[in-house]
Amino acid sequence: MTTEPDMMAVRLHGPRDLRVDRVPRPGSPGPGQALLRVTAVGICGSDLHSYQDARIGDTMLNAPLTLGHEFAGVVEEIGPGEALDGEFQPLQAGARVAVDPAQPCGRCEMCEQGHPNLCRRLHFCGLYPDEGSLSHWILVPAHTCFPLPDAIDDAGGALLEPLGVAIHAADLAKIRVADSVAILGAGAIGLLILQAARISGANPIYVVDQFPWRLAVAEELGGIPINFREQNAAAAVRQATGGRGVDVAIEAAWADQSIQMAAEMARLGGRLVLVGIPSDDNLQLTHSTARRKGLTIRMSRRMKHVYPRAIKLVETGMVNLDSLISHRFPLEKTPEAFALNDAYADNVVKIIIDIGK
Ligand SMILES: [Zn+2]
Ligand SMILES: [Zn+2]
Numbered sequence: 062m063t064t065e066p067d068m069m070a071v072r073l074h075g076p077r078d079l080r081v082d083r084v085p086r087p088g089s090p091g092p093g094q095a096l097l098r099v100t101a102v103g104i105c106g107s108d109l110h111s112y113q114d115a116r117i118g119d120t121m122l123n124a125p126l127t128l129g130h131e132f133a134g135v136v137e138e139i140g141p142g143e144a145l146d147g148e149f150q151p152l153q154a155g156a157r158v159a160v161d162p163a164q165p166c167g168r169c170e171m172c173e174q175g176h177p178n179l180c181r182r183l184h185f186c187g188l189y190p191d192e193g194s195l196s197h198w199i200l201v202p203a204h205t206c207f208p209l210p211d212a213i214d215d216a217g218g219a220l221l222e223p224l225g226v227a228i229h230a231a232d233l234a235k236i237r238v239a240d241s242v243a244i245l246g247a248g249a250i251g252l253l254i255l256q257a258a259r260i261s262g263a264n265p266i267y268v269v270d271q272f273p274w275r276l277a278v279a280e281e282l283g284g285i286p287i288n289f290r291e292q293n294a295a296a297a298v299r300q301a302t303g304g305r306g307v308d309v310a311i312e313a314a315w316a317d318q319s320i321q322m323a324a325e326m327a328r329l330g331g332r333l334v335l336v337g338i339p340s341d342d343n344l345q346l347t348h349s350t351a352r353r354k355g356l357t358i359r360m361s362r363r364m365k366h367v368y369p370r371a372i373k374l375v376e377t378g379m380v381n382l383d384s385l386i387s388h389r390f391p392l393e394k395t396p397e398a399f400a401l402n403d404a405y406a407d408n409v410v411k412i413i414i415d416i417g418k
């Protein structure tokens, strides 16, 4: 192992001010920690929010912050004492792992009740003040590491994070066999929810977006594409369902007018699951639309212990991650990658940053 004192990290200094900085390498792992050499990082919609505003919701950026929370790496060093991985097995040096970026405390009321996603003392990679993974090295709790089978490559390992978010959203939607579903947003999360809904037996599944190339991927994955720039999407879904609407509508876009659109697509007594994050931190929903239908509205907050299920789905080929990856950049080119993603240029769906190749 080299003993360079420094490493490169992609840090956000302010709105749209992303720089590749030389920063000190993390020190040796403490008890229960692992030092990872990062191999692949995905750029997420929430990273774009941070990039655009230097904040998410009410979480402000107060100092340069390394972004990145969808990642895979190789375990280089493990802290003293016992270190169990996310599967409750001893973590091994040299293991290729995917990392759940959420670090719940495990001992608060919500953690104890089985809702670690609602942990009061949650730490999260890439959310101020916790450093993210767009760097050569990172220290993480061993229990957030999930060893990857050979069938899942590094980029696939990084994409287990959005897949986990999608699995949790599908769980909240309580999708039943032959339920009709509408998904708003054909970004990575929407396309993964589409796959989770298909596996759950949903049919038909409508996918709504404005970008034709994303809708083309959705169609390949078994969705019925609807471009809301070309037609009234809610009317199209109502018409396609004989005026009834869908059993489940899932918003996985920018949570702007898409929330109202989703509510208008849902049937009487239907379920509405909200996954996307609005840039203005406001929920735009006409009260009567939701009230008169008696909708059940569920706000999705990240995920629970779903990595083992995510790994199984990808390993067995039930979920395809490769079709989402539109671009790959080396770490040094991350600012260009964010600019491209921010502009929705070049038919972008999911960008993977390859590190150390
Ligand atoms: Zn993400
Ligand atoms: Zn907790």
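Here the numbering used here is used: position 30 in the sequence shown is 91, and no number is missing along the way. Think of the CB as a built atom: it goes at the ideal place given N, C-alpha and C, for glycine as much as any other residue.
Query: Residue 361 (DSSP reduced to helix, strand or coil); Result: coil
Query: Beta-carbon proximity of residue 311 to residue 278, cut-off 8 angstroms; Result: no
Query: Burial state of residue 62, where buried means 16 or more other Cβ atoms lie within 10 Å; Result: At residue 62 the pLDDT is 49, less than 50, meaning the model places this residue with poor confidence and gives no usable figure here.
Query: Selected residue, minimal CA-CA separation from residue 258, among 299, 282, 81 and 101; Result: 282
Query: DSSP state of residue 178 mapped onto helix, strand, coil; Result: helix
Query: Residue environment, residue 204, which counts as buried when at least 16 other CB atoms sit within 10 Å; Result: buried
Query: Proximity test, residue 181 beta-carbon vs ligand 2 heavy atom, cut-off 7 angstroms; Result: yes
Query: Ligand 1 heavy atom lying under 7 angstroms from the CB of residue 169; Result: no
Query: Residue range of the unbroken alpha helix (DSSP H) whose run includes residue 114; Result: 106 to 114
Query: Beta-bridge pairing of residue 413 - partner residues as DSSP gives them; Result: 103 and 389
Query: Chain-ordered residues, beta carbon under 6 angstroms from a heavy atom of ligand 1; Result: 105, 107, 130, 131, 222 and 223
Query: Best match in 265, 263, 264 and 294 for proximity to residue 271 [C-alpha to C-alpha]; Result: 294
Query: Limits of the unbroken beta strand (DSSP E) element including residue 402; Result: Taken as a continuous stretch (DSSP letters only), residue 402 belongs to no beta strand (DSSP E), being part of the alpha helix (DSSP H) at 395 to 403.
Query: Any non-hydrogen atom of ligand 2 within 7 angstroms of residue 206 CB; Result: no
Query: Of the listed residues 253, 269, 275 and 240, nearest to residue 262 (C-alpha basis); Result: 240
Query: Residue 322: first and last residue of the uninterrupted beta strand (DSSP E) it sits in; Result: Per DSSP, residue 322 belongs to no beta strand (DSSP E); it is in the alpha helix (DSSP H), 318 to 326.
Query: Closer than 7 angstroms: residue 186 CB and nearest ligand 2 heavy atom; Result: no
Query: Whether residue 217 touches residue 410 by CB criterion (8 angstroms); Result: no
Query: Whole-angstrom C-beta distance between residue 132 and residue 219, which should lie under 8 angstroms; Result: 5 angstroms
Query: Whether residue 148 touches residue 208 by CB criterion (8 angstroms); Result: yes
Query: Spatial neighbours of residue 113 in its chain, beta-carbon cut-off 8 angstroms, leaving aside the 5 residues before and after; Result: 76, 77, 340 and 403
Query: Heavy atom of ligand 2 within 7 angstroms of residue 165 beta-carbon; Result: yes
Query: Residues bridged to residue 185 (per DSSP); Result: 163
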